[in-house]
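Residue numbers (the numbering used here): 794 to 1219. For every residue, glycine included, the Cβ atom is placed at its ideal position computed from N, Cα and C. First comes the structure, then the notes that go with it.
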Amino acid sequence: MKPQKPKSKSKNNFMSKIKKFFTIPEEVFEEEPSPQFERHKLFTLTRTNIFIGLFLFLLIINTLIIFDVNFIYLRQILGFLFLITVPGIVLMLCFKIRNIDFWEYLVYTVGLSISFIMFAGLIVNWTLPWLNITDKPLSLFPILICFNIFLIILGIIAYKINKDFKPRDFTLPKFDTLNNIFFTIPMFFPVLSILGAFLLNNHGPNILTMIMLGGIAVYVLLLTIFRKRWDKNIWPWAIWMIGLSILLSWWLRSWYVSGVDSNLEFLVFQLTKNNSFWSINNYRNAYNAMLSLTILPTILSNLSNTENHFVFKLLFQFLFSLVPLIMFLIFRRFTKNNLVIFLGAFFFIIQPYFIAIQIRQAIAFVFFSLLFLIYLEKDLSLPTHKLFFVIFGISMIVSHYSTSYIALVLLVIINSINYISEKWKK
């Protein structure tokens, strides 16, 4: 029997280097210490004042719409904020979701609001012509009246469900000077992005856009260097504002809707809005089957009185800018290191396809990311968890077909790996 040759040291060193290369350091998953700031009370939330506030907001929006008030873009700004927050807040109250992180509450609220607009609009689109009430169900006043009825009914249900709601203080952290500065700086990035794009559209220099891009680079560098000095809320706020700024710098670059498929997407939106009715017979094309391109922009445009091209170039970009924030929240499920989470979301933002994404994909990606966030959610009850999964899943399907196929394949792979790993452990 021949004696076995000892393994060479060079081979062992090579294998150890490979293992070390593919091994994630434990430091990545460790939570870095962040400063703890005192919190000061702004006001107390009670069941009564929450619903009074929502009703007053509804009353203000109705007043702006009925009297066609467009002073300093009040209807455009408040109308859009109302549409992407109030329906979601009412639904969150109906589901009794209270004790979750602020940023998660925000993205769930916006996601539910978008779903509400699409499916409530679809119900109105089908029901009113069927009842011979009007053949233009998506025009301003039918939508306004129906949405008022839906929201008031849901509000009454939510009010009765939340009888056990205990008063709680709404507080904000008392930042030190440095944290205040770094919390404020990201607000200027979208402003510079908008002004820079408009300056370029008028044949001006690119100085504002370059200041914005250079400012983001310096800001990220300083966040990285002094990472132990920041409050935990600065990280998600920064990634949201940076993502929004990058999107606006691209989409506002011309006075018209432009892109590979954007003109056809814009066409099906205009057909739906001009007819005040969505039907696949308007234009037999896959794009016209997407609620994200037909009913959603039509309702946003009519209720907020926003020009058609700015729905695509501005409002939809605001919605898509939430995707890096949602990814930040997803990454937080795997590590508590805020810098690693932030850089992961930032890496997504700097990819070329991020700014050039098509509208139907952008809305679908909002639901795609929410789908995986809810998949990893541990703070919700099982029935609510399943309900959210269904809502976001169906919303993704009616927003973009291909994204749905990718999500389905990924979910099958993930569940198969989980099943095999559990069997392997046993």
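- In its chain, beyond the 5 residues on either side, Pro1117, Leu1118, Phe1121, Phe1135, Ala1138, Phe1139 have a beta carbon closer than 7 Å to the beta carbon of Ile1032.
- By the Cβ neighbour-count rule, Pro960 is exposed, with fewer than 16 other Cβ atoms within 10 Å of its own.
- With a 10 Å radius around the Cβ and a threshold of 16 neighbouring Cβ atoms, Thr1091 comes out buried.
- For Arg961, the uninterrupted beta strand (DSSP E) run begins and ends at 961–966, by DSSP.
- Note on Ser1094: 16 or more other CB atoms within 10 angstroms of its CB, so buried under the neighbour-count rule.
- For the pair Phe1185 and Phe1160, the CB atoms are nearer than the 8 Å cut-off.
- Under DSSP, the beta-bridge partners assigned to Phe836 are Phe963.
- Counting along the chain, Gly1007 sits inside the alpha helix (DSSP H) bounded by residues 1000–1018.
- Under the three-state reduction of DSSP output, Thr1128 falls in the coil class, being neither helix nor strand.
- Here Glu1170 is buried, its C-beta having at least 16 other C-beta atoms within 10 Å.
- Asn1078 counts as exposed, since fewer than 16 other C-beta atoms from the protein chains shown sit within 10 angstroms of its C-beta.
- With 16 or more other Cβ atoms from the protein chains shown falling within 10 Å of its own Cβ, Arg1125 counts as buried.
- A direct Cα-to-Cα measurement between Leu871 and Leu1112 gives close to 15 Å.
- Taking the C-beta atoms as reference points, Pro979 is found no nearer than 8 Å to Met911.
- Here Asn1130 is buried. Its C-beta has 16 or more other C-beta atoms within 10 Å.
- Listed in chain order, the non-local C-beta contacts of Trp1028 below 6 Å within the same chain comprise Asn1131, Phe1135, local neighbours out to five positions each way being set aside.
- Contact between Val1061 and Leu1045 does not hold, since the beta-carbon distance rounds to 22 Å and is not under 8 Å.
- DSSP places Tyr866 outside any alpha helix (DSSP H), giving it a letter other than H or E.
- Boundaries of the alpha helix (DSSP H) around Glu1058: 1055–1068.
- In the three-state reduction of the DSSP assignment, Leu1086 falls in the coil class.
- By the 16-neighbour rule on beta-carbons within 10 angstroms, Ser906 is buried.
- The Cβ atoms of Asp962 and Lys834 sit closer than 8 Å to each other.
- Here the C-alpha atom of Val1202 lies approximately 29 Å from the C-alpha atom of Phe888.
- Around the beta carbon of Gln1154, 16 or more other beta carbons lie within 10 angstroms, which makes this residue buried.
- Excluding its 5 nearest sequence neighbours in each direction, Ile1156 has C-beta neighbours in its own chain below 8 Å: Ile907, Ser1085, Leu1089, Phe1109, Leu1112, Phe1113, Ser1192, His1193, listed in chain order.
- Under the three-state reduction of DSSP, Phe1113 is assigned to helix.
- Taking every protein chain shown into account, the CB of Ser1055 has 16 or more other CB atoms within 10 angstroms, so this residue is buried.
- Between Phe830 and Lys967, the CB-CB gap stays under 8 Å.
- When the Cα atoms are used, Ile1213 and Ser1051 turn out to be separated by approximately 46 Å.
- Across the set Ser827, Tyr898, Phe958, the C-alpha of Tyr898 shows the shortest separation from the C-alpha of Leu1163.
- Proximity of the stretch 836–845 to the stretch 981–991 falls short of the contact definition, fewer than three beta-carbon pairs being nearer than 8 Å.
- Distance from the CA of Phe864 to the CA of Leu1040, rounded to the nearest whole angstrom, comes to 27 Å.
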